[in-house]
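Asker: In the numbering used here, the protein residues as written are 1322 to 1642.
Quick one: the structure is below, questions incoming.
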């Protein structure tokens, strides 16, 4: 049994990690599967390639990303007492993915649960870990977004099969010290259930179905306001952001959005080009890659924001580990 933690003033991300399977599926490869072209895909969504998990499960990828985050933090499995996995694509439902990850890594007696809000899942999970640590219900958490979307992709549908890939991203979250400011800002989260049909995976072996035009219109009218409010709650102007990591859904959404909001000094994540849409994995993986490549300075404010199935959304401003 773990020792109860005391309430904390706030939390911070101390390290990130990510994992992608080895198999690459390029736009050229897709031209041999459906009626499409590299130019058609690139001009509409900005994707050049995506990864496909052949033998790996969602839990396998989540474990790899989480293990890397632990190593980057200089911690051991014994330091973790909460594991949260955000996923909408795991075929294996029980035991949940979080328990499988804990077992794979040798984490003893953690609070372990999965969370499904689609593409906003990592931000929901990060906020949940932040709140648990602040309340004294946990001391240190692994927060993971992991998806095997190719399991639920219809490769006869030329409008959707070009979008999705497999991956995982993970963060280690812990309480801040007495002399530190919180590194995870207030969450803005919500949903528009009336638009739940814009992205669905229904039935025992259902495929992803997406109403792309409706989602795109929503990102043009509602998303800028939501991100501006997220920055306001964190006490940060968009021009002060060092990083802009939105859900990697469409390059035509991400780049104009950062410019419209005035995030002129921010490094904008464009991982969609090489990874496609990886749902709950997209934001943590993109952030992990920016950190690994040295494109973000430790301590700078970084916007994280996800949106997708439900229609759910969530975001917060964090300090780069």
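Cβ atoms here follow ideal geometry from the backbone N, Cα and C, with glycine treated the same way.
In this text the structure is predicted, and so the values were computed from the model without any measurement.
(1) Residue 1353: buried (16+ other C-beta within 10 angstroms of its C-beta) or exposed?
(2) For the stretch 1443-1473, list the beta strand (DSSP E) runs that are entirely contained and at least 3 residues long, ordered along the chain.
(3) My guess is that residue 1501 and residue 1333 are in contact by the Cβ rule of under 8 Å, so how many angstroms apart are they, rounded?
(4) Taking just the CA atoms, how far does residue 1356 sit from residue 1335?
(5) Hey, residue 1415 and residue 1437: beta-carbon distance below 7 Å or not?
(6) So, are the CB atoms of residue 1439 and residue 1572 less than 7 Å apart?
(7) Distance check for residue 1566 and residue 1623, CA to CA, integer angstroms please.
(8) Is residue 1431 helix, strand or coil when you go by DSSP?
(9) Quick check: the Cα distance between residue 1577 and residue 1460, rounded to an integer number of angstroms?
(10) For the putative contact between residue 1428 and residue 1404, defined by C-beta atoms under 8 Å, what is the C-beta separation to the nearest angstrom?
(11) Let me know the secondary structure DSSP gives residue 1410 once reduced to three states.
(12) Could you name the residues of the same chain whose beta carbon sits closer than 6 Å to that of residue 1327, not counting the 5 residues immediately before and after it, in chain order?
(13) Counting C-beta neighbours from all protein chains within 10 Å, is the total for residue 1343 16 or more, i.e. buried, or is it exposed?
(14) Between which two residues does the alpha helix (DSSP H) harbouring residue 1537 extend?
(15) Around the Cβ of residue 1634, are there at least 16 other Cβ atoms within 10 angstroms (buried) or fewer (exposed)?
(16) Per DSSP, which one or two residues make a beta bridge with residue 1637?
(17) Indicate the three-state DSSP secondary structure (helix, strand or coil) for residue 1519 in the structure shown.
(18) Cβ atoms of residue 1521 and residue 1530: under 7 Å apart, would you say?
(19) If you run the structure through DSSP and keep just helix, strand and coil, what is residue 1322?
(20) Of all the options 1484, 1600, 1550 and 1553, which has the alpha carbon lying nearest to the alpha carbon of residue 1369?
(21) Nearest CA to the CA of residue 1591: which residue from 1610, 1518 and 1585?
(22) On a Cα-Cα basis, can you pick out the residue from 1329, 1365 and 1358 that is closest to residue 1537?
(23) Locate the beta strand (DSSP E) running through residue 1334, then write down its first and last residues.
(24) Give the secondary structure of residue 1598 by DSSP, where H, G and I count as helix, E and B as strand, and everything else as coil.
(25) Say whether chain B places a C-beta atom closer than 7 Å to the C-beta of residue 1535.
(26) My output table needs one value for residue 1560: the three-state DSSP class, helix, strand or coil.
(27) Can you give me the Cβ contacts of residue 1639 inside the same chain, cut-off strictly under 7 Å, excluding the 5 residues immediately before and after it?
Answerer: Taking the geometry as given:
(1) exposed
(2) 1461-1469
(3) 7 Å
(4) 45 Å
(5) no
(6) no
(7) 7 Å
(8) coil
(9) 39 Å
(10) 6 Å
(11) coil
(12) 1457
(13) exposed
(14) 1533-1542
(15) buried
(16) 1625
(17) helix
(18) yes
(19) With a pLDDT of 44 at residue 1322, under the threshold of 50, the modelled position of this residue cannot be trusted, and the question is left open.
(20) 1484
(21) 1610
(22) 1365
(23) 1332-1340
(24) strand
(25) Among the chains in the structure shown there is no chain B, since it carries only a single protein chain.
(26) helix
(27) 1334, 1504, 1505, 1506, 1623 and 1625
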